[in-house]
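The structure appears right after this line, and notes come after that.
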Amino acid sequence: MGKKRTIISLLVVLLVAFTTEICFAALPYPSYTYNYDGDPVASPSPYVPKKIITGAMLGIGDFKEPADIFVTREHEIYLLDSGNGRIICTDAQWGNVKVMDTFSFEGKEEKLNKPQGLFVTQNKEIYVADTDNKRIVKMDTEGKILKIFGVPDTDMIDKGIDYLPMKIVVDKSMRMYIAVRNVNMGLVELDNEGNFLSFIGAPKVSTNPFLVFWKALATKEQKAGMRQFVPTEYNNIAMDEQGFIYGTISALKIGDLLDTIFNRDLSGKTAPVRRLNATGQDVLRRRGHYAPVGDIDISYMGSSEGPSTIVDAAPGKYGIYSILDGKRGRIFAYDLDGNLLFVFGGSGIQDGTFRTPTAIDMLDSDYLVVDSGLSRVTQFGRTEYGKAVIDAVSYHYNGKYDLASQTWEQVLKYNSNFDQAYIGIGKAKLRNGDYSGAMENFKIAYGKSYYSKAFKLFRKEAIGDKFALLFGLVVLLLCSIWIIRLVISIRKLFKKSKKGALRA
Amino acid sequence: MMHVLKELGYSFHLIFHPFDGFWDLKHEKRGSARASAIILILLTIVYIFRRQLTGFIFNANDPLDLNIFVEIFSVFAPYFLWCIANWCLTTLMDGEGSFKDICIATAYALAPLILINVPLIIMSNIITTEEQTFYTFFSSLSVFWAGGLIFLGTLVTHQYSVKKTILTSILSIVGMGVIIFITLIFFNLIQQMLGFAISLYKEIVFRM
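As they're listed, the protein sequences go chains W and Y.
Going by this note's numbering, the first residue of the first sequence is number 1, and it counts up by one from there.
Going by this note's numbering, the first residue of the second sequence is number 505, and it counts up by one from there.
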């Protein structure tokens, strides 16, 4: 009896073992980063889809083409359900749902018409870019409209074309910054009364000798027609805690973007994401291997070919910011210096992919991505790997370099492909005075400028401070000798030329 | 042995005194084909070292991609292309230099590339990005110097005036392009003929 039992159980085990299919839930999108050569290298998933939120799930009817989302400091979520002209407000767990679909202004009923942008100030005032009604609407949390700002009264805005405000942010002084469709002179800056102040965020055309020459010859009419500013049309804006505006641009020439990638251009001349200060200058740090433009290794064939089309940016903590690629549905997170931390997301209809991503914001450490094509919001939560990476960055941001170094070692255990970890460890070593250790780590990660810094200090330690001076003197001496010799040879050339002419 | 070293040492004098140098190179036989060959081999070696050993900050090459044949070819091919094209043209344009003279003169003209690159490789390992201008300066200096010497070598060896030298040099470069073009066509033609012969053979073999 016992023997029979053992044989039968053994047979069952074997049966199960050889016929079971391996079953695992893989994410529908790849997770990767880019190395120095621009090749994508696999990385563990930093973020995974945590929750999909549809209107039906909240019990308020499906969303229709939601265009924007805003998370307040108190972690309240405001979703702009554009197609239905309503604003949905919930708490951080998507409970306490409040729908604002009727608005009143001075007693009269008002409606929102395909609003594209939303911003909530610290005083709980809601600013809506009521696009198809050609106005900005300021209201309170009950739907009572406090003020309406129409077309700003200024010559700078062409009254002949429709004024279509798309996105809005408001700073601490209640100044409004608006991205207006078809206005390519940057963002429109209005004061708290709605008076036009200026355009900001369009860089000046950089001058070159040819332009100076041309300007000297041009007639008055020609000079008037000459562009002073590079045409810049922002498609989305977001504000960080210090009041800097992260603006994204998708209307860039593909050739320029490809050049920026291919030439590793870090100047920010062609930049799909910019960080504007109060005067409209781009102060985003671009010190990574490549500029923050999204995908580096790009295919030129197929349905989603070409460089990433950035449609929104979300500033996060510790200087980290993320950009949303509308073309392939990916989210790229960069640190303060512009180093790529991770990439996740994709195109499709499964959890974690999008059809038409339009907006992104952060809810504490989670990401909320709005998909207007599928009319839903996807909430991403971070994995242990994602947490390790962000923790390491946060320690570094707060100056706790040794803790950062330890956390980077942990990250390397998860992902030995991660260049940033080596650079992070190298930076910590640099601060501790271990210059050769720092150099070794920077070399692995191809951090040439960091290596140069570490090497400079290493050399100073080894040889002393006078290296540059000595070197310069030696070079100066050699150069002067050569120049003298050159001058003598050129003189001989003229003499010989005459001789040569005589011979011929 | 001493003889070869003396001929090589002459290159030091030549690069600083091009006119006397090239003249004596040709007429006083101060240089030789042997020394030229050695200079070219040294140049190839120096370029390989430059590729592999330049300091991390300035080195854009992947050390795994080194291909010795490509390195050798990239020194010898342009050298011989230039010599052949130059000889063809200068023979037609009343030049006084023979093919051997051109080869030797051009080889000696490349000496600054060796002389500057050796300390440059060492230097690249001990300077930082802030001192990059020095690196670029010396690198460009070596190229312009060698280029200038080739120009002056052509001038003195064939006894041309400055204008004629410029013309001949430009035409030589065009000539190099023509040679490359014809070589490619030639190879393509041979490939086609060979392909035809092989398919003919296969046809016969399969029918038997």
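Glycine residues also receive a C-beta, built at the ideal position from the N, C-alpha and C atoms.
None of these values were measured; they are calculated from a predicted model.
Going by C-alpha distance, which of the options is nearest residue i?
i	options	result
residue 369 of chain W	W/174, W/41, W/461, W/329	W/329
residue 386 of chain W	W/47, W/353, W/204	W/47
residue 136 of chain W	W/170, W/428, W/407	W/170
residue 780 of chain Y	Y/523, Y/512, Y/635	Outside the displayed range of chain Y (505 to 712) lies residue 780 of chain Y, so it cannot be described from this structure.
residue 78 of chain W	W/276, W/396, W/49, W/116	W/116
residue 582 of chain Y	Y/556, Y/658, Y/544	Y/544
residue 52 of chain W	W/275, W/155, W/338, W/353	W/353
residue 201 of chain W	W/214, W/217, W/366, W/184	W/184
residue 345 of chain W	W/246, W/67, W/4, W/26	W/26
residue 505 of chain Y	Y/531, Y/542, Y/527	Y/542
residue 133 of chain W	W/110, W/367, W/30	W/110
residue 193 of chain W	W/208, W/187, W/175, W/182	W/175
So for residue i, helix, strand or coil by DSSP?
i	result
residue 322 of chain W	strand
residue 551 of chain Y	helix
residue 459 of chain W	helix
residue 174 of chain W	coil
residue 379 of chain W	strand
residue 29 of chain W	coil
residue 233 of chain W	coil
residue 24 of chain W	Because the pLDDT of residue 24 of chain W is 49, which lies under 50, any placement of that residue in the model is unreliable, and the number read from its coordinates should be weighed accordingly. Here residue 24 of chain W sits in coil by DSSP.
residue 400 of chain W	coil
residue 205 of chain W	coil
residue 506 of chain Y	helix
residue 120 of chain W	strand
residue 367 of chain W	strand
residue 374 of chain W	coil
residue 110 of chain W	strand
residue 189 of chain W	strand
residue 239 of chain W	strand
residue 12 of chain W	helix
residue 274 of chain W	strand
residue 127 of chain W	strand
residue 475 of chain W	helix
residue 167 of chain W	strand
residue 418 of chain W	coil
From which residue to which residue does the beta strand (DSSP E) around residue i run?
i	result
residue 333 of chain W	330-334
residue 40 of chain W	40-42
residue 135 of chain W	135-139
residue 81 of chain W	77-81
residue 198 of chain W	196-200
residue 46 of chain W	Element bounds for residue 46 of chain W: n/a, residue is neither H nor E.
residue 359 of chain W	357-363
residue 246 of chain W	245-248
residue 36 of chain W	Run containing residue 36 of chain W: none; DSSP gives neither H nor E here.
residue 147 of chain W	145-149
Whole-angstrom Cβ separation of residue i and residue j, contact assumed at under 8 Å?
i	j	result
residue 390 of chain W	residue 320 of chain W	7 Å
residue 579 of chain Y	residue 548 of chain Y	5 Å
residue 311 of chain W	residue 326 of chain W	4 Å
residue 607 of chain Y	residue 537 of chain Y	7 Å
residue 249 of chain W	residue 314 of chain W	With 8 Å as the limit, residue 249 of chain W and residue 314 of chain W do not qualify as a contact, their Cβ atoms being about 16 Å apart.
residue 205 of chain W	residue 230 of chain W	6 Å
residue 272 of chain W	residue 334 of chain W	With a Cβ gap of about 12 Å, residue 272 of chain W and residue 334 of chain W do not count as contacting.
residue 539 of chain Y	residue 518 of chain Y	No, residue 539 of chain Y and residue 518 of chain Y are not in contact; Cβ-Cβ is about 11 Å, not under 8 Å.
residue 282 of chain W	residue 274 of chain W	4 Å
residue 388 of chain W	residue 414 of chain W	7 Å
In the DSSP assignment, find the unbroken alpha helix (DSSP H) run with residue i in it and report its ends.
i	result
residue 650 of chain Y	636-662
residue 669 of chain Y	666-711
residue 626 of chain Y	615-628
residue 100 of chain W	Taken as a continuous stretch (DSSP letters only), residue 100 of chain W belongs to no alpha helix (DSSP H), being part of the beta strand (DSSP E) at 98-100.
residue 576 of chain Y	572-596
residue 254 of chain W	254-262
residue 315 of chain W	Not the alpha helix (DSSP H): residue 315 of chain W falls in the beta strand (DSSP E), residues 310-315.
Return yes when the C-beta of residue i is under 7 Å from any heavy atom of the ligand HEM, and no when it is not.
i	result
residue 57 of chain W	This structure does not include the ligand HEM; it has no bound ligands of any sort.
Residues of the stretch 440-467 of chain W with a CB closer than 8 Å to any CB of chain Y: list them in chain order, please.
443, 448, 449, 451, 452, 453, 455, 456, 459
If the cut-off is 7 Å on Cβ atoms, which residues from the stretch 508-532 of chain Y count as contacting chain W, listed in chain order?
520, 522, 523
Any C-beta of chain W within less than 9 Å: which residues of the stretch 653-682 of chain Y qualify?
656, 659, 660, 663, 664, 665, 666, 668
Given a limit of 7 Å on CB to CB distance, which residues of the stretch 683-696 of chain Y reach chain W?
none
Give, in chain order, every residue of the stretch 194-227 of chain W whose Cβ lies closer than 8 Å to some Cβ of chain Y.
none
Which residues, in chain order, does the stretch 36-53 of chain W contribute to contact with chain Y at a C-beta distance below 9 Å?
37
By the 7 Å beta-carbon criterion, what residues does the stretch 547-574 of chain Y contribute toward chain W?
560, 561
Against chain W: residues of the stretch 604-636 of chain Y by CB proximity under 8 Å:
630, 631, 632, 633, 634, 635
Taking beta-carbon pairs under 9 Å, can you tell me which members of the stretch 468-501 of chain W lie near chain Y?
468, 471, 472, 475, 479, 482, 485, 489, 492, 493, 496, 497, 500, 501
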